[in-house]
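The structure appears below as structure tokens.
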Amino acid sequence: MEFHEAKRFSAPDKQKVVLVDIDETICFYSEVRRYDLSQPNYDNIAKINKLFDEGWRVVYWTARGAVSGKDYTEHTRSQLDTWGCMYHELVTGTSSHPKPHFDLIIDDKAKRIEEL
Ligand SMILES: [Mg+2]
């Protein structure tokens, strides 16, 4: 096998990509954690829309449906549209390359929405 040098970040002339979680990131729950009851946080949505406006490729990346197997893609798309979310792609837990369910993410490129 021949190896190439992998760059850590996109080249300056390439569009940057951000993966954005949905639940407890741009929307929250007051009691029952059921996706149709999620309440948008418009301050947080504005932070992501700003990245979109700055030229980032915005991918909303949610594990909705990863455990239950239910396809929440269209419902989620409808919520994002209703909330005024600007994005290029939506990946859910039942997409062809799904976001898996997990309890912790450890990643050198991760930020919580509060840090934006
Ligand atoms: Mg979340």
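Just add 123 to wherever you are in the sequence shown, counting from 1, and you've got our numbering.
The beta carbon of each residue, even a glycine, is placed where N, CA and C say it ideally should be.
Looking only at C-alpha atoms, which of the options sits nearest to residue i?
i, options, result
"Pro163", "Ser201, Glu238, Pro223, Lys234", "Ser201"
"Asp146", "Glu154, Ala186, Phe132", "Ala186"
"Ile151", "Leu142, Met209, His127, Asp166", "Note that residue 151 is Phe in the sequence shown here, rather than Ile. Nearest of Leu142, Met209, His127, Asp166 to Phe151, Cα basis: Asp166."
"Asp159", "His198, Ala134, Glu212", "His198"
"Ile168", "Cys208, Arg157, Pro135", "Cys208"
Helix, strand or coil for residue i? Go by DSSP, reduced to three states.
i, result
"Leu227", "coil"
"Gln138", "coil"
"Asp194", "coil"
"Gly212", "According to the sequence as given, residue 212 is Glu; it is not Gly. Strand."
"Asp146", "strand"
"Phe175", "helix"
According to the Cβ coordinates, are residue i and residue j closer than 8 Å?
i, j, result
"Val140", "Arg180", "yes"
"Leu203", "Tyr195", "no"
"Asp144", "Trp206", "no"
"Lys170", "Leu227", "no"
Any C-beta of chain B sitting closer than 8 Å to the C-beta of residue i?
i, result
"Arg180", "In summary, chain B is missing from the structure at hand, where a single protein chain is found."
How close, in whole Å, do the beta carbons of residue i and residue j come, if the pair is a contact with beta carbons under 8 Å?
i, j, result
"Ile229", "Thr148", "About 17 Å; that fails the 8 Å criterion."
"Glu154", "Val182", "Not really, about 29 Å apart at Cβ, beyond 8 Å."
Do the stretch 168-177 and the stretch 186-197 touch if we need at least three Cβ pairs shorter than 8 Å? Segments in contact, no.
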